[in-house]
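Data first, discussion second: the structure below is written as structure tokens.
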Amino acid sequence: MDPGFDSMADQALDGAAPRPLLSLRNVNMTFGGVKALKNVSFEVLPGEVHCLAGENGSGKSTLIKVITGVYKPEAGAVIDYDGQSYSHMSPVTAQASGIQVIWQDLALFPEMTVAENIAFQTVIGRWPRLVNYAEMRRVAINALQRLGVTFDVDLALHHLPIAQRQIVAIARALVGEAKLVFMDEPTASLTQSETDYLLDIVRNLSASGVAVVFVSHRLAEVLEISSRVTVLRDGALVGVYPTKGLTQSRITELMTGKTFDYSVLHRDLSRSPVMLEVKGLSRPGEFDDVSLMVRRGETVGITGLLGAGRTELALTLFGMRKPKSGSVVLDGKPVRFGSNRDAIAAGVAYLSEDRLSLGLIQPQAIADNMVIASLDKILSGGFISSDRKRSLVNRWIRDLGVRIGKQDDAISTLSGGNQQRVAIAKWLATDPKLLILDAPTVGVDVGARAGIFDIVSKLADSGLAIILISDEVPEVYFNADRVLHMAQGRIVGEFTPGATTLQAIEEAVYA
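Take 7 as the starting number for the sequence shown in this note's numbering and just add one per residue.
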């Protein structure tokens, strides 16, 4: 364990720093003979923004569930919270003591109003068989004002963008008189501008004295918003580190125990045949006069802010939307897709940015998800051949390094990184000529991201043409041969990593 933990705790007790709001020691958890937490210590100071970092499976969620009373730790654990000592906490005790968790799915009700989502639980029960909607609105408005935001509390939640739904979840936590808020991947589905908006809210929370534990795979945000980082690896504490002077690469090394090489691609593809050529493609209200080219074996990155038209362009290339004008040539042949079936048949594959809703079928088995787009390859006499299916699935599990228990296990049993590998395998099984990857690392930890981009690199080396879409500029900078900047529906810039600096591209995108 890094000595930084003990020194911070000692300073707090000596009066050099505030006494911790939360302090855990000797926390152990075992599931089915597997040690999920190994003698973990953890502390949070009042009003602190503290990052809890680690790969999927490192123990972050288990630790949070111990703190919130979902799990009872093994004997010997010590939990000190807000001046009280516990061997374990119940969910009721944790919530009543001001500990709140905002999970990635937010646990909100889309058809209910903003006010109902924020304050219903607080006002229900105050008056027998009645709900005071005026009081509910007042409580909701006050909670939003504490965060420095205002919007219509009578609006149904489903009308709000995801960033504002995050704010509703935070406001609900404040209504519960939160002293400590855990935020699990709060920016995973947000654009850069939405992320900036949310981070300002977190700063407001901290300034008001509420402690925030921030869980995120986006390490730039970790360094920007947090004062300290606690790193877990394989259920054990690696250490606690001040963010001042810490780098993304150092956090990655601490999380994974590995060193990653961040270098730009240097591939000469000038003689490689053109696989995709788009000229003057337009769809009113979404994108206009888009022209681009992707060669065989080339990865072309597309980046830009919310509303740039990146995903809309991808959906059009995949046959999900029809362009108003322009032309598309694939592998030397003009194409005009009437549907995504036409696009798949022509050799286009599209990995959606929304893996959970559009990329995979969560209740279904791993094997079923992997073959769903290529059923023609496993049919025999009009029926699915179990042998062909098993062979196809085994091939992609082996080639992409997917870690599974059994093929028939539900896809939901896999980590985010392994789910994404299954989603990629689903499309590779169709034998595509062009693979469009839309935000392929959303909700995927840093170690798994490196694995996914290693797959992308090998696919490009094999001759596959790839379009990589991401709002994280470093992702396209280090993993694409060329980077296109899209803004307000147009391609407004083209960059070659190495010839142009990462900072220059970021300044262009965020200007």
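Idealized CB from N, CA, C, for every residue including glycine.
- V145 is positioned such that its CB atom lies no closer than 8 Å to that of E191.
- In this structure, L180 sits away from R171, with a CB-CB distance that is not shorter than 8 Å.
- Scanning its chain for C-beta atoms nearer than 7 Å, with the 5 sequence neighbours on each side dropped, one finds around F48 the residues L30, L69 and T236, in chain order.
- When rounded, the separation of the alpha-carbon atoms in S212 and V335 is 53 Å.
- DSSP places E283 in the strand class (E or B) of the three-state scheme.
- When C-alpha distances from G353 are compared across G291, L441 and T99, the shortest belongs to L441.
- Within its own chain, the residues whose Cβ lies closer than 7 Å to the Cβ of P480, once the five positions on either side in sequence are excluded, are L508, listed in chain order.
- Short of 7 Å from the beta carbon of Y77, and not among the five residues preceding or following it, lie these beta carbons of its own chain, in chain order: M35, T68 and K71.
- Within the same chain, and ignoring the five residues on either side of R289 in sequence, the residues whose Cβ sits closer than 7 Å to its Cβ are E318, T322, R327, P329 and K330.
- Note: P248 is bridge-paired with R234 in the DSSP secondary-structure output.
- Closest in C-alpha terms to D86, from the list M142, G338, L27 and L406, comes L27.
- DSSP places G332 in the strand class (E or B) of the three-state scheme.
- In the DSSP assignment, L58 falls outside any alpha helix (DSSP H) and lies within the beta strand (DSSP E) extending over V55 to A59.
- Going by DSSP, P340 is part of the beta strand (DSSP E) stretching over K339 to V341.
- In chain order, R316, D477, H491, M492, A493 and V515 place their CB closer than 8 Å to the CB of G310, counting only its own chain and leaving out the 5 sequence neighbours on each side.
- Counting only runs of at least 4 residues, the segment 252 to 277 fully encloses the following alpha helix (DSSP H) elements, listed from N- to C-terminal order: 254 to 262.
- Around the beta carbon of Q425, a 10 Å sphere encloses 16 or more other beta carbons of the protein chains shown; the residue is thus reported as buried.
- Between L51 and the set G423, M142 and K185, the nearest pair of CA atoms involves K185.
- Taking all protein chains in view, the Cβ of I390 is surrounded by fewer than 16 other Cβ atoms within 10 Å, so the residue is classified as exposed.
- Checking the DSSP bridge columns, you'll see I475 partnered with I308 and D444.
- In the DSSP secondary-structure assignment, L298 is bridged to V284.
- From the listed residues L205, W109, D240 and G325, the smallest Cα separation to N45 is found for D240.
- Spatial neighbours of G63 in its own chain (CB-CB distance under 7 Å, excluding positions within 5 residues in sequence) are listed in chain order as S421.
- Counting only residues of its own chain and dropping the five nearest sequence neighbours on each side, A314 has a CB closer than 6 Å to the CB of M492 and A493.
- The residue among S397, N375, G449 and D451 with its C-alpha nearest the C-alpha of I430 is N375.
- P79 is a Cβ neighbour of V33, given a cutoff of 8 Å.
- The distance from the Cβ of G303 to that of L275 is about 6 Å, consistent with a contact at the 8 Å cut-off.
- If you keep only unbroken beta strand (DSSP E) runs of at least 3 residues inside the segment 159 to 226, you get 186 to 190 and 217 to 221.
- Taking the Cβ atoms as the reference, L225 lies roughly 7 Å from T258, within the contact range of under 8 Å.
- R409 and I403 have their C-alpha atoms roughly 7 Å apart.
- Here L196 is not near A175, since their CB atoms are 8 Å or more apart.
- Taken atom to atom, the span from the alpha-carbon of L205 to that of T506 is near 29 Å.
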